[in-house]
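Structure first, then comments.
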Amino acid sequence: SLYDDECDYLFKMVLIGDSAVGKSNLLSRFTKDEFRLDSKPTIGVEFAYRNIKFGDKMAKAQIWDTAGQERFRAITSSYYRGALGAMVVYDITRWQTFENVKKWLHELREYGNRDMVIVLVGNKSDLVDSRVVNAADGQSFAQLEDLCFMETSAKDNLNVEDAFLHMITKIFEIA
Ligand code: GDP
C-alpha cells in the first residue's frame, strides 16, 4: 500500500528538467544514498520514497522521476497530477538546460497544482572547470520567478539533502 500505517502524510513530488541533468541521481542520492557514473538503468524507476519526521508526525515523500520520458516529450498530465512540489533541475555545465527551465516552468503552470512548491536546482556543482551557468544566473532567475534556488552535486552529495528537505518542509508547512 502507498500509505504506511505510521505515516500521517503522503507528499507527491516530481522531478523535471532536461535529459541527463542528474534527476535520477539526485533521487537515488536522497532516497538511497547512491550515485551512478553511468547513465540510468534501462528500466527507469518511476518513483522512490523517503520518510521524514516532523516532530511527532511522519511524512512519506513520494518522489517521481521521469525515467527518461522527457527525451520523447512524453511527460503527461498524470505525471504532475496531485504533486505538491516540483524540483526543476538544470546542469550548470550546459547552458541550454538552464534556458529550458522556462519551458519546464511553463509546463508546470499548465499541468501542475497552482500552489505547488517549486525549487530550482543547478546540479553538477562539482564540475567547476566546465561550469557555464554561474550561481548568480540561477539566483537572479529564481528571484524573478519567485522560486527557491540551490546548487547541488549528486556526485559529491552537496546540498542534495538540503534541496529536498527544503521542498518537503515547505510542503509540510502548507499541508
Ligand atoms: P537524468 O537523465 O536527468 O535523470 O540524469 P542522470 O541522473 O541519469 O545523470 C546523467 C549523467 O550525469 C550520469 O552520467 C550521471 O553520472 C551524471 N551526473 C548526475 N549528477 C551529477 C553530478 O552532480 N555531478 C557530476 N559530475 N555528474 C553527475
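First residue of the sequence shown? That's 4 in full-length UniProt numbering, and the numbers climb one at a time after it. In this text, a Cβ means the ideal position worked out from N, Cα and C, and glycines have one as well.
Option in the options with minimal Cα separation from residue i
i: THR172; options: THR69, ILE95, LYS63, SER143; result: LYS63
i: ALA86; options: TRP67, ASN103, ASP94, PHE101; result: TRP67
i: VAL135; options: PHE175, SER22, TYR93; result: TYR93
i: SER31; options: GLU9, GLN65, CYS10; result: GLN65
i: GLN72; options: ARG53, GLN142, LEU18; result: LEU18
i: LYS35; options: ASN54, ARG74, LYS106; result: ASN54
i: VAL163; options: GLN142, VAL122, ASN116; result: VAL122
i: ASN124; options: ASP118, ARG117, ASN137; result: Before going on, a small fix: residue 124 reads as Val here, not Asn. Per the Cα distances, ASN137.
i: VAL131; options: ASP159, ASP118, GLY115; result: ASP159
i: ASP118; options: LEU150, LYS106, GLN146, LEU161; result: LEU150
Residue i vs residue j beta-carbon contact at 8 Å
i: PHE167; j: PHE33; result: yes
i: GLY89; j: MET16; result: Sequence inspection shows Ala at residue 89; the Gly mentioned does not correspond to that position. Taking 8 Å as the Cβ cut-off, ALA89 and MET16 qualify as a contacting pair.
i: LEU29; j: ASN103; result: no
i: THR79; j: GLY20; result: no
i: THR155; j: SER133; result: no
i: LYS38; j: ALA157; result: The residue you asked about is not Lys; residue 38 is Phe in the sequence shown. Taking 8 Å as the Cβ cut-off, PHE38 and ALA157 qualify as a contacting pair.
i: MET170; j: VAL120; result: yes
i: GLU148; j: LEU111; result: no
i: LYS26; j: THR69; result: yes
i: LYS11; j: LYS60; result: One point to set straight first is that residue 11 is Asp, not Lys, in the sequence displayed. Contact: yes.
i: SER22; j: ARG84; result: no
i: ILE174; j: PHE14; result: yes
Continuous alpha helix (DSSP H) stretch holding residue i: start and end
i: ARG112; result: 104 to 114
i: GLU148; result: 138 to 148
i: SER80; result: 80 to 83
Range of the contiguous beta strand (DSSP E) that encloses residue i
i: LEU161; result: First-last for LEU161: undefined, no H or E at that position.
i: PHE152; result: 151 to 155
i: PHE38; result: It is not in any beta strand (DSSP E) - PHE38 carries neither H nor E in the DSSP assignment.
i: GLN72; result: It is not in any beta strand (DSSP E) - GLN72 carries neither H nor E in the DSSP assignment.
i: LYS15; result: 12 to 19
i: LEU123; result: 120 to 126
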